[in-house]
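Novice:
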Amino acid sequence: SAQSGNTGGLTWAAAGGGLDFAQWRVNTGFAGGADPITNWTETSEKNVTFSESSGIFTFPSTGYWEIFIQLYGYYNGDSDNAELHIMGTYNNSSYTTRAQSYTSLNNDDGGNLYTSIAVTRIFDVTDTSNAKIKFKTANTSINWAADASYNYSYATFKKLGDT
Numbered sequence: 478s479a480q481s482g483n484t485g486g487l488t489w490a491a492a493g494g495g496l497d498f499a500q501w502r503v504n505t506g507f508a509g510g511a512d513p514i515t516n517w518t519e520t521s522e523k524n525v526t527f528s529e530s531s532g533i534f535t536f537p538s539t540g541y542w543e544i545f546i547q548l549y550g551y552y553n554g555d556s557d558n559a560e561l562h563i564m565g566t567y568n569n570s571s572y573t574t575r576a577q578s579y580t581s582l583n584n585d586d587g588g589n590l591y592t593s594i595a596v597t598r599i600f601d602v603t604d605t606s607n608a609k610i611k612f613k614t615a616n617t618s619i620n621w622a623a624d625a626s627y628n629y630s631y632a633t634f635k636k637l638g639d640t
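Next comes the structure, spelled out in structure tokens:
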């Protein structure tokens, strides 16, 4: 039913425009450790545009951003404690690990073993000039698969709300 009578100056705000998001894929496979992981392609599955340069991601707006990365890989030997890190900076210079994950391959039979590794982090971006993200792998011989058209190794960014 319609509102009638004195509303006391109450007004309703329009509903929000939805979630801001972007997705990137690693487009060239690589072996072992990388700091940072490079060779990214932004997908069409997005409604905001990030900038990326040499593996460093710049956010399009301030706010709380959820960052997710998954790598898919294979190796025909042992690879103990392979690491995946989300590295962040708030001063556009000094990067520290903000979240990390581990996987291991124990190859008793020979041939390739396959694995995936993923990690997520909520990152509070208060200054788009100084708050940046990169991704790093370490302590591994794993061959990381990549393709610009498929989510073999990829990252997603979702803005959860204002900071």
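Here the sequence shown stands for residues 478 to 640, where the numbers follow this note's numbering. For each residue, glycine too, the CB sits at the ideal point set by N, CA and C.
1) So D497 and N516 are supposed to be a Cβ contact under 8 Å. How far apart are they, rounded?
2) So, helix, strand or coil for V503, using DSSP?
3) Would you mind sorting S630 into buried or exposed? The rule is 16 or more other CB atoms within 10 Å of its CB.
4) Buried or exposed: where does I610 fall if 16 or more other Cβ atoms within 10 Å of its Cβ makes it buried?
5) Could you tell me the boundaries of the beta strand (DSSP E) in which N558 lies?
6) Considering only the beta carbon of each residue, do A595 and I546 sit closer than 8 Å?
7) Does DSSP put K523 in a helix, a strand or coil?
8) Ignore the nearest five residues each way along the sequence and tell me which others in A491's own chain have a CB closer than 7 Å to its CB.
9) For G506, I'd like the list of residues in its chain whose CB is within less than 7 Å of its CB, leaving aside the five on either flank, ordered along the chain.
10) Roughly how many angstroms separate the alpha carbons of G638 and G540, rounded to a whole number?
Specialist: Let me spell this out:
1) Against the sequence shown, residue 497 aligns to sequence position 20. Against the sequence shown, residue 516 aligns to sequence position 39. Contact flag wrong, Cβ pair sits at about 24 Å.
2) Along the sequence shown, read from residue 1 onward, the residue named residue 503 stands at position 26. Looking at V503 - three-state DSSP - the assignment turns out to be strand.
3) For the purposes of this step, residue 630 is taken as residue 153 along the sequence shown, with counting starting at 1. The residue in question, S630, is buried, as its Cβ has 16 or more Cβ neighbours within 10 Å.
4) As a working note, residue 610 is residue 133 in the sequence shown. Its Cβ being crowded by 16 or more others within 10 Å, I610 is buried.
5) In the sequence shown, the residue the question calls residue 558 occupies position 81. Run containing N558: S556 to T566, per the beta strand (DSSP E) assignment.
6) Counted from its first residue, the sequence shown places residue 595 at position 118. Counted from its first residue, the sequence shown places residue 546 at position 69. Yes. Within cutoff.
7) Here residue 523 corresponds to residue number 46 of the sequence shown, with the count starting at 1. K523: coil per DSSP, three-state reduction.
8) Stepping through the sequence shown from its first residue, residue 491 is reached at position 14. A caution first: A491 carries a pLDDT of 49, below 50, which makes its placement in the model unreliable, though a value can still be read off. Scanning its chain for C-beta atoms nearer than 7 Å, with the 5 sequence neighbours on each side dropped, one finds no residue around A491.
9) As a working note, residue 506 is residue 29 in the sequence shown. Excluding sequence neighbours, G506 sits near N620, W621, A622 and A623.
10) By 1-based counting over the sequence shown, the position of residue 638 is 161. By 1-based counting over the sequence shown, the position of residue 540 is 63. Cα to Cα, the separation comes out at about 6 Å.
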